[in-house]
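The next block holds one structure in the form of structure tokens; read it before the comments.
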Amino acid sequence: MSLLPPASAAWLLAHEMRLTWRGYRAGRVGKGPGAMIGLIILFAFACVGGVTVALATHGHQVPIQPLAVAIADLACAVVLTLMLSQTLGASAEALYERGDLDLLFSSPIAPAKVLLVRALGVATGVSTIFMVFIAPLLLPSVIYGHPGWLGVFGVLIALALTATALGLSLAMALFALIGPRRTRTVAQVLAALVGAAFFLASQYRVLIGEGTSRDLYANLAQAAQTGRLAPPPFADLPLRAMVGEPLPLIGMLAVGGGLFWLAAMALGRRFSDAAAAAQGASSTRARGPVKPASPFAAGAFRATIRKELRLIGRDATLLSQVLLRVLYLLPLALMLARSAKGVDAAALAGGAGFVAFMAGQVAGSLAWITLSAEDTPDLLAVSPTPVSTLRRAKLTAAMIPVALLLAVPIAALTWFQPLTGLITAVGAGLTAWCCGLINLWHQKPGKRADFRRRRGASWFATLAEIFVGGLIAGGTTLMVMGLVAWAALPLIVAGALMMVLRRTDEQIARTLRTAG
Amino acid sequence: MTEALIVKGLSKTFAKPAVVDLDLTVHAGELYALLGPNGAGKTTTLRMVAGLTKPDGGEISIYGVDARAEPAAAKALVAWAPDEAMIYDRLTPLEYLEFVAGLWTVDPKLAKTRAEQLLAQLGLADEARRRCEGFSRGMKQKVALAGALIHDPKLLILDEPLTGLDAAAARLVKDMLQARVDAGGTVILTTHILEVAERMADRIGIIAGGKLLAEGRMDELRAQTGGASGDSTLEDLFLQLTAESQPA
């Protein structure tokens with residue numbers, strides 16, 4: 000970094016990258032070798048896949064024909080959408096991370112340069128994630144006969160630059176339209192929804208039905224063969240760029256880079272004003288009609304439940320993440336509804352088990368938030384309320400949203416299949432409670448901000464949740480299938496696991512003291 | 000005289016000794032200022048009294064309740080307000096006070112009345128139903144102070160209560176603390192603003208290296224400080240005592 004001219008864009012970018020790297024390393028502290036081993040195994044699997052693709056495609060060229068063009072364009076659209084979901088959130092964050100910005104804006108460096116570097120940091124981060132995932136799949140083919148496919152990396156860079164330009168513009172537009180305070184919230188929810196939309200699109204077979212999707216694909220293939228599927232001009236550019244044709248690749252990079260440059264330059268002047276406005280955003284909130292205060296809750300248990308539910312309800316990031324998981328349940332709910340009507344026993348049983356499993360996952364996340372991500376642990380520690388009361392209240396608060404979320408689908412299921420509905424409700428309740436208890440016994444204090452991708456949660460607790468949730472979900476599935484005796488087996492194993500995982504109050508306190 | 004707090008032989012060691020065999024007595028109905036340079040052990044001492052840090056040894060008695068044997072009974076009598084306000088950004092001051100009152104099982108109707116009175120006293124009535132996330136540091140400190148007072152504690156412990164407050168707010172808080180003491184409450188505070196301690200405190204304790212160097216009223220402190228003249232200020236005494244305690 001010392002080789003770069005001070006206050007230059009490259010110098011600032013090196014500073015950003017250093018902070019990002021240190022943030023990543025700090026995030027890894029305490030995660031142990033387990034995560035790294037997991038990554039290596041994943042990487043090895045991807046390499047095997049990459050070698051298989053390389054062997055299969057050796058000596059074959061990708062045909063520039065309508066169906067291939069459509070698939071390449073669709074892939075680009077999907078990647079761009081996923082990138083946009085990340086850059087939108089990151090752009091909103093760039094406006095709110097005040098400590099660093101105060102220092103930068105108080106220096107003689109132009110705000111436009113600060114924005115340019117921030118945006119470059121966002122684009123670099125996003126493109127790196129995709130490249131790391133694609134590299135083991137693609138590089139064997141690049142080495143073994145398709146050097147031109149390196150163009151895929153160029154396309155990813157172009158898409159990352161475009162997504163950053165769009166994310167930044169959208170964040171600033173939201174800023175102007177709805178004000179600084181709501182921009183971050185809306186950006187976070189939008190980012191989550193974009194991710195969910197991608198998932199739902201990937202589940203189109205379930206959503207529109209197997210038969211309809213088969214017909215749709217057959218029609219498309221026929222249209223491509225008969226020449227009816229005629230891509231518009233320049234639609235083949237992404238595919239040509241991916242296979243390494245220089246001009247299309249340069250064209251895509253130029254478009255991406257141009258959009259990025261335009262956004263950074265056009266928005267740079269407004270950036271410092273927007274960031275400054277964001278700082279005072281909350282205190283300048285418009286004053287609406289003041290609601291009369293409701294009566295105070297009686298006792299620590301009720302007051303704690305009320306406080307936790309308020310905090311959950313006002314956490315946009317948390318809500319968007321929970322919403323995502325609910326959206327993930329949507330295809331399943333549709334499948335369940337179809338199966339329940341037509342009594343497709345296997346699908347119905349599998350669906351019931353999956354509902355139970357997801358209930359545990361959502362409950363586990365919320366329990367981690369209420370139990371471990373306490374903003375003011377000292378306040379609770381100095382109060383005379385017994386810890387057991389507080390924990391019970393927090394666990395209950397985590398269960399309430401799960402119950403509300405599952406009430407409608409389970410009620411609908413019960414309408415068509417009463418016994419199945421009852422078993423699903425019991426399975427979901429049991430999984431949710433067990434996952435909550437695991438988070439209670441294996442707390443890992445963290446910050447609410449760490450909720451995204453549950454970075455702050457204990458790996459052990461997360462794994463335990465998956466195992467116990469999976470076993471109870473399996474039991475629920477077998478029960479719905481009528482195999483009651485077989486269902487007892489996973490449930491007994493889950494019970495035994497819970498006994499092993501159980502921690503006394505003293506053990507929990509000792510662990511928390513060590514962590515602190 | 001009733002003793003609000005009796006500390007005997009209190010010790011705590013982290014990487015190095017933070018509090019060493021500390022004896023301290025605070026009378027009921029007095030404002031006691033615990034002073035010391037950074038790292039002297041003030042906050043550790045107060046955290047042990049509040050039940051936040053487990054002592055390695057020693058005794059803590061709060062209004063006759065053994066805080067180590069009966070922590071819940073002792074905590075019911077105490078409020079702790081550190082320099083970093085213990086509040087939730089996404090709750091309004093009223094919601095925060097509802098929660099704190101719940102923790103101390105204050106009757107809901109009484110708690111609501113007290114909450115509204117406290118917020119009015121602290122100049123936060125207009126902000127009572129707005130989330131704390133946009134509040135200044137001083138406003139957050141005031142909300143935390145209201146939280147500390149909502150259950151009418153017999154012993155109020157404040158760590159740097161004037162940090163982040165503007166002159167008017169600081170005066171308001173000082174007046175509230177004085178009124179509380181006048182009404183028979185007990186207040187222990189730490190502060191780096193020695194003039195405040197000199198003007199407000201009934202008695203002052205000066206701590207360094209985890210040990211109590213001197214304790215008493217101003218005249219008693221002067222007497223305990225060798226070579227101090229009759230018009231020595233607290234700052235003079237403080238600097239002399241803490242300099243003497245430094246290893247040569």
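As you go down the protein sequences, you meet chains Y and H in turn.
Numbering that gives the first Met the number 0 applies: residue 0 is where the first sequence begins, and numbers increase by one.
Numbering that gives the first Met the number 0 applies: residue 0 is where the second sequence begins, and numbers increase by one.
The beta carbon of each residue, even a glycine, is placed where N, CA and C say it ideally should be.
These numbers come from a predicted model, not from an experiment.
Have a look at residue i and residue j and give me their C-alpha separation to the nearest angstrom.
i	j	result
Gly215(H)	Gly204(H)	7 Å
Phe44(Y)	Phe129(Y)	17 Å
Ala157(Y)	Ala253(Y)	8 Å
Ala498(Y)	Thr430(Y)	Per the sequence shown, the amino acid found at residue 498(Y) is Met instead of Ala. Rounded to whole angstroms, Met498(Y) to Thr430(Y) spans 15 Å at the Cα level.
Ala392(Y)	Asp22(H)	39 Å
Lys112(Y)	Gln85(Y)	22 Å
Ile543(Y)	Ala508(Y)	This structure gives no information on residue 543(Y), because the portion of chain Y shown stretches from 0 to 515.
Ala348(Y)	Gly468(Y)	16 Å
Leu238(Y)	Asp72(Y)	7 Å
Ser10(H)	Lys53(H)	10 Å
Met481(Y)	Val77(Y)	Note that residue 481(Y) is Gly in the sequence shown, not Met. Cα to Cα, Gly481(Y) sits roughly 41 Å from Val77(Y).
Val125(Y)	Ala159(Y)	6 Å
Ala397(Y)	Leu488(Y)	28 Å
Val401(Y)	Leu378(Y)	27 Å
Phe415(Y)	Thr127(Y)	48 Å
Ala68(H)	Trp103(H)	19 Å
Gly250(H)	Pro36(H)	Residue 250(H) lies beyond the residue range present for chain H, which begins at 0 and ends at 247; the question has no answer from this structure.
Val425(Y)	Thr384(Y)	32 Å
Phe459(Y)	His441(Y)	8 Å
Asp20(H)	Asp55(H)	10 Å
Val516(Y)	Gly40(H)	Given that chain Y is displayed from residue 0 to residue 515, the structure contains no residue 516(Y) and the question cannot be resolved.
Phe13(H)	Met47(H)	13 Å
Asp82(H)	Gly133(H)	18 Å
Could you give the DSSP three-state label for residue i: helix, strand or coil?
i	result
Pro231(Y)	coil
Ser126(Y)	helix
Asp374(Y)	coil
Leu34(H)	strand
Thr189(H)	strand
Ser281(Y)	With a pLDDT of 49 at Ser281(Y), under the threshold of 50, the predicted position of this residue should be treated as unreliable, though the coordinate-derived value follows. Helix at Ser281(Y).
Glu94(H)	helix
Ile465(Y)	helix
Asp20(H)	strand
Ile471(Y)	helix
His26(H)	strand
Arg452(Y)	Note that Arg452(Y) scores a pLDDT of 49, beneath 50, so its modelled location is shaky; the value from the coordinates is reported in the next line. Here Arg452(Y) sits in helix by DSSP.
Arg501(Y)	coil
Ala80(H)	strand
Asp214(Y)	helix
Ala9(Y)	helix
Glu69(H)	coil
Arg202(H)	strand
Thr56(Y)	helix
Does the beta-carbon distance from residue i to residue j come in below 8 Å?
i	j	result
Ile437(Y)	Ala406(Y)	no
Gly49(Y)	Pro135(Y)	yes
Ala195(Y)	Leu326(Y)	yes
Ala78(H)	Ala147(H)	yes
Ile192(H)	Leu161(H)	yes
Pro247(Y)	Leu236(Y)	yes
Ala91(Y)	Arg183(Y)	yes
Leu266(Y)	Ser106(Y)	no
Ala355(Y)	Ala427(Y)	yes
Gly57(H)	Lys7(H)	yes
Leu45(H)	Asp158(H)	yes
Val479(Y)	Ile422(Y)	yes
Just checking my contact of residue i with residue j at CB under 8 Å: how many whole Å lie between their CB atoms?
i	j	result
Phe237(H)	Leu34(H)	6 Å
Gly474(Y)	Leu496(Y)	Contact flag wrong, Cβ pair sits at about 12 Å.
Arg198(H)	Gly163(H)	That pair is no contact at about 20 Å.
Ala110(H)	Ala100(H)	3 Å
Thr225(Y)	Ser140(Y)	Not quite, the Cβ-Cβ distance comes to about 31 Å (not below 8 Å), so this is no contact.
Ala207(H)	Ser244(H)	4 Å
Using the beta-carbon of each residue, which ones in chain A are nearer than 7 Å to residue i?
i	result
Met85(H)	The chain inventory of the structure shown lacks chain A, comprising the protein chains Y and H.
Are there three or more Cβ pairs, one per stretch, closer than 8 Å when the stretch 195–202 of chain H is compared with the stretch 12–31 of chain H? yes
Could you check whether the stretch 402–418 of chain Y touches the stretch 262–272 of chain Y, counting it as contact only if at least three pairs of C-beta atoms, one from each stretch, sit closer than 8 Å? no
Determine, using beta-carbon pairs with one atom in the stretch 150–157 of chain H and one in the stretch 118–134 of chain H, whether at least three such pairs fall under 8 Å. no
Spell out a yes or no on whether the stretch 149–164 of chain Y and the stretch 289–309 of chain Y are touching, meaning 3 or more CB-CB pairs, one atom from each, closer than 8 Å. no
Does the pairing of the stretch 362–372 of chain Y with the stretch 300–317 of chain Y give three or more beta-carbon distances under 8 Å? yes
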